[in-house]
Amino acid sequence: MGPFSLLLMALAVALLPVIGADAGGHEARYSGVFSFGDSLTDTGNSLRLAATRAGPSSRPPYGETFFRRPTGRASDGRLVVDFIAEALGVPHPTPYLAGKSAEDFRRGVNFAVGGATALGPDFFESRGLEPFVPVSFTNQATWFKNVFQLLGSVHNRTRIMARSLFIVGEVGVNDYLVAFAGNTTVREARTFVPHIVGAVRSVVTEVIAAGARTVLVPGMIPLGCEPQLLALYDQSGGAAGDHDPESGCIRPLNDLAELHNRALNGMLRELRRAHPGTAVLYADLYGAVAGLIASPRKYGFRGEPLAACCGGSGAYNFNMTAFCGAAGTAACADPSEYVSWDGVHFTEAANRHTACATLKANSPALLDSWTAEGRRRIGCA
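FYI, the numbering for the sequence shown is -23 to -1, 1 to 358, going by mature numbering (1 follows the signal peptide of the UniProt record, and there is no 0).
Pasting the structure below:
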């Protein structure tokens, strides 16, 4: 496959004292959500970071479906992390850069930043590559340590950690995009997998050491089904035979994602053996999204599954020079009919589907029971 060149360089940038009670007055299982990741999870940190604050998610039509304004979320509405928090009956986690005191963080924190990588700058610099934004999992782990120290006594910290859900990822998409932007082939990018998985392992191990008892680790999305990569792959001279004849997705990129997920699952099995007192769970983002691509109408999606809802003209309704929110672009009439929001990120409807699939697959480990009440809260079928 030919390199994606520097087109992708622009892409990712443009890219507890009181515990709650349930309805019956019993102490709720969770008090909040602590999350790490990139733009698939960022709920507002990008608006507060100099390198990303002017990105697309800072302007309309981002946020139009639910919040009615841009919030820094890379979607028309809520993200998977938002839906999971709602299903658990806890607040959306506070963006780390929006908080100021311990009180802001007792009910959860979101450390994710759009464009963030799993790997640090030294890894990329040693390979002649440059990250899109100056935030990696190492930075997010440092932010977590800062919050941990803010949360009062050892007793309070231990209680909050044990009663919070930790979501570590998704992360890795931007690591691969950085590689492609630097003319790295897909074959060469496969060598990044153990390093990325190692970075995830480091953060999971750290939160467990801090007292986490429930950790959810999302896997890689089907990269080859992303409108942005489909368009850029074709522009860069990718072989037509690389497209799957049934889905239309790019097989070498999906093979990379599947390799990533196999390695990630292997690492999680090791952590489960090492930490039997902690529920270490996996969120199959690949399966959830691939299911929507393969059978969109089964789930109520009537738009072209490989096209963006919001964008300029061009193949897959994705154009790097006319990214969603730029002059001359427009969103589709009904984002709920589309899987992809802007060619890079997902619509609120797709995020709801993924959250529902994740919660169902991980019950009762994640939820005591996947009840009608839990489904009702976030509109799951």
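Heads up, the beta-carbon is just placed ideally off N, CA and C, and yes, glycines get one too. Just so we're clear, the structure is a prediction, and the values are computed from it rather than from any experiment.
Would you give the residue range spanned by the alpha helix (DSSP H) that residue i belongs to?
i    : result
V131 : 131 to 139
E63  : 57 to 65
C333 : 325 to 338
E102 : 98 to 102
D81  : 79 to 82
R352 : 349 to 355
Which residues in the same chain have their Cβ closer than 6 Å to the Cβ of residue i, if we skip the five residues on either side of it in sequence?
i    : result
L17  : E147
V334 : Checking the displayed sequence, the identity of residue 334 turns out to be Ala instead of Val. Result list for A334: A265, in chain order.
K337 : W347
S340 : W347
V257 : V192, L245, L248, R249
S52  : W318, H322, E325
A79  : L127, L128
L65  : Y7
Let me confirm a value: residue i is counted as buried when at least 16 other C-beta atoms fall within 10 Å, else exposed. Which label applies?
i           : result
P70         : buried
T298        : exposed
V192        : buried
S317        : buried
T324        : buried
H237        : buried
H3          : Because H3 carries a pLDDT of 41, less than 50, the predicted location of this residue cannot be relied on, and no value is offered for it.
V131        : exposed
T331        : buried
E203        : buried
S272        : exposed
N123        : exposed
G277        : exposed
A310        : exposed
T119        : exposed
N294        : buried
A95         : buried
P38         : buried
D59         : buried
R50         : buried
R46         : exposed
S141        : buried
A156        : buried
R164        : exposed
A(-10)      : Its pLDDT being 38, under 50, A(-10) is placed unreliably in this model, and the value from its coordinates should be taken loosely. Buried, since its Cβ has 16 or more Cβ neighbours within 10 Å.
residue 362 : Residue 362 is absent from the structure shown; the chain starts at -23 and stops at 358.
A267        : buried
A189        : buried
P222        : exposed
Please list, in chain order, all residues of the same chain as residue i whose beta carbon is under 8 Å from its beta carbon, the five residues on each side excluded.
i    : result
L26  : L74, V90, V110, V112
A187 : F121, F125, R134, M138
Y153 : A166, F169, L200, L233
G1   : Note that G1 scores 42 on pLDDT, short of 50, meaning its location in the model is unreliable; the coordinates nonetheless yield the value given after this. Within the same chain, G1 has no close Cβ partners at all.
R354 : E63, A64, G66
May I ask which residues mark the beginning and end of the beta strand (DSSP E) holding residue i?
i   : result
N87 : 85 to 87
V10 : 9 to 13
Going along the chain, which residues of its own chain have a beta-carbon closer than 7 Å to the beta-carbon of residue i, five neighbours each way excluded?
i    : result
H252 : I185
S224 : C202, I270, A271
Y259 : V194, G196, N242, L245
C357 : C333
G105 : G159
R55  : F43, E325, N328
G149 : A95, I173, M197, H237
Between residue i and chain B, is the shortest Cβ-Cβ distance under 8 Å, so that the two count as touching?
i    : result
R354 : As a matter of chain content, chain B is missing from the structure shown, which is built from one protein chain.
(request) List in chain order: all unbroken beta strand (DSSP E) runs of 3+ residues lying wholly within the region 205 to 280. (result) Every beta strand (DSSP E) stretch that sits fully inside the region 205 to 280 and reaches 3 residues is listed by chain position as 256 to 260.
(request) Kindly provide the ranges of any beta strand (DSSP E) runs that are 3 or more residues long and lie completely inside the region 105 to 193, ordered along the chain. (result) Correct list: 141 to 145.
(message) Counting beta carbon pairs with one atom in the region 28 to 48 and one in the region 157 to 165, are three or more of them shorter than 8 Å?
(response) Short answer: they don't touch.
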